[in-house]
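Following: one structure in structure tokens, then a few remarks.
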Amino acid sequence: ARPLVRAALFVSFGIFWIEHRKASSSSQLQNGVPLIVANHLGYLDIVVLLALYGGSFVAKEDIAKTRFVGSIAMALQCLFVSDSGGLTEHLKQRCRATHQCQTESEEHHLRFCRCPRTLIVFPEGTTTNGTGLITFRRGAFCAGVPILPVAIRFPHRRFNLSWETIRFREHLWRSMTQIYNRVEVVEMDVHVPSAEEIEDPSLFARNMQIVFEDKLQLKTYKLNRKHKFAYHSYVLGKLTADALFQKADELTLGDPLLQETP
4 ARPLVRAALF
14 VSFGIFWIEH
24 RKASSSSQLQ
34 NGVPLIVANH
44 LGYLDIVVLL
54 ALYGGSFVAK
64 EDIAKTRFVG
74 SIAMALQCLF
84 VSDSGGLTEH
94 LKQRCRATHQ
104 CQTESEEHHL
114 RFCRCPRTLI
124 VFPEGTTTNG
134 TGLITFRRGA
144 FCAGVPILPV
154 AIRFPHRRFN
164 LSWETIRFRE
174 HLWRSMTQIY
184 NRVEVVEMDV
194 HVPSAEEIED
204 PSLFARNMQI
214 VFEDKLQLKT
224 YKLNRKHKFA
234 YHSYVLGKLT
244 ADALFQKADE
254 LTLGDPLLQE
264 TP
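Below, the structure written as structure tokens:
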């Protein structure tokens, strides 16, 4: 399936080249890594990661009932979650089950064991435009399993492929009509969490945030996805500038994770 996905990127979006730089520890992938974490630039990085790793993603429960797309998501073993919560617990169970299966397969030299697919998670919880990072949520790190960090860039001269503050159909059209697009995907070393990181998922998340900052040479902003929605309301004329700043302060004060982030 991965060659088909790669072909779709070429034909539909003009992505002629994916520069995939593997880490020195990439050989560890032969034994399987239960979790891949990446920065999130839009819907295209989902397709790119699918083409390279063939993993599965977190999706809303309603996606499973959507014609065609739902069938694909189920075939990919996506982790379906509801709006009522419980995402962190679902992530923990899935990642630990995958890790246990991969570990037992390695110990018993089982080449064709059917372990769950590696889960690919975007710990920012929303998309950015590639000029900065936002605070990593700790849900993906609560399982305390080895992680493959993957950094994504969309080098560009004119149109930025990252999907942020632009209508989907306009982004799709401009992506498809740009003559040449390329993607950089940089693997970092597989990170096996320390005892302290397993005990404290917030510490684990902060340490991985630093890894991404160093690799991408970007600053992290203490924001969450609700800040982006507030900004969208301002862009659409639903909020004034003063109301936007007031809302942003309220959202920051109301997010315990942003309060504890140094």
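If you read the sequence shown in the numbering used here, its first letter stands for residue 4, the second for the next number, and so on.
Idealized CB from N, CA, C, for every residue including glycine.
Comparing alpha-carbon positions, the option among 251, 238, 228 lying closest to residue 139 turns out to be 228. The shortest C-alpha to C-alpha distance from residue 257 to any of 226, 10, 24 is the one to 226. When the alpha-carbon of residue 78 is set against those of 67, 85, 22, the nearest one is in 67.
The beta carbon of residue 52 lies closer than 6 angstroms to those of 123 in the same chain, with the five residues before and after it left out.
Uninterrupted alpha helix (DSSP H) stretches at least 4 residues long and entirely within the stretch 79-153 occur at 90-110, given in chain order. Taking C-beta separations shorter than 7 angstroms and ignoring five residues to either side along the sequence, the partners of residue 206 in its chain run 199, 200, following chain order.
Distance from the Cα of residue 142 is smallest, within the candidate group 127, 20, 58, 80, for 127. Fully enclosed alpha helix (DSSP H) runs of no fewer than 4 residues occupy 72-78 of the stretch 49-81, in order along the chain. In the displayed model, residue 24 falls within a strand according to three-state DSSP. Cα atoms of residue 73 and residue 146: separation of roughly 26 angstroms, rounded to the nearest angstrom.
DSSP places residue 167 in the coil class of the three-state scheme, outside both helix and strand. For residue 194, the CB contacts under 6 angstroms within the same chain, skipping 5 residues up- and downstream, are 150 in chain order.
Contact check between the stretch 180-190 and the stretch 238-257: fewer than three CB pairs, one atom from each, fall below 8 angstroms, which does not count as touching. Annotation: residue 20 to residue 189 spans about 14 angstroms, alpha carbon to alpha carbon. In the three-state DSSP reduction, residue 157 falls in the coil class, being neither helix nor strand. Here the alpha carbon of residue 221 sits roughly 10 angstroms from the alpha carbon of residue 137.
Taking C-beta atoms as the reference points, residue 152 and residue 211 count as a pair closer than 8 angstroms. Less than 8 angstroms separates the beta-carbon of residue 215 from that of residue 42. Annotation for residue 238: the continuous alpha helix (DSSP H) segment containing it runs 228-238. The alpha-carbon separation between residue 162 and residue 65 amounts to approximately 32 angstroms. The beta carbon of residue 132 sits closer than 7 angstroms to those of 163, 165, 167, all from its chain and outside the five residues before and after it, given in chain order. Within the same chain, Cβ atoms closer than 6 angstroms to the Cβ of residue 22 are found at 187, the five residues on either side in sequence being excluded. Around residue 204, the same chain offers 141, 144, 145 as residues with beta carbons nearer than 7 angstroms, after the five sequence neighbours per side are excluded. Scanning its chain for C-beta atoms nearer than 6 angstroms, with the 5 sequence neighbours on each side dropped, one finds around residue 99 the residues 146, in chain order. For residue 243, the secondary structure class from DSSP, reduced to helix, strand or coil, is coil.
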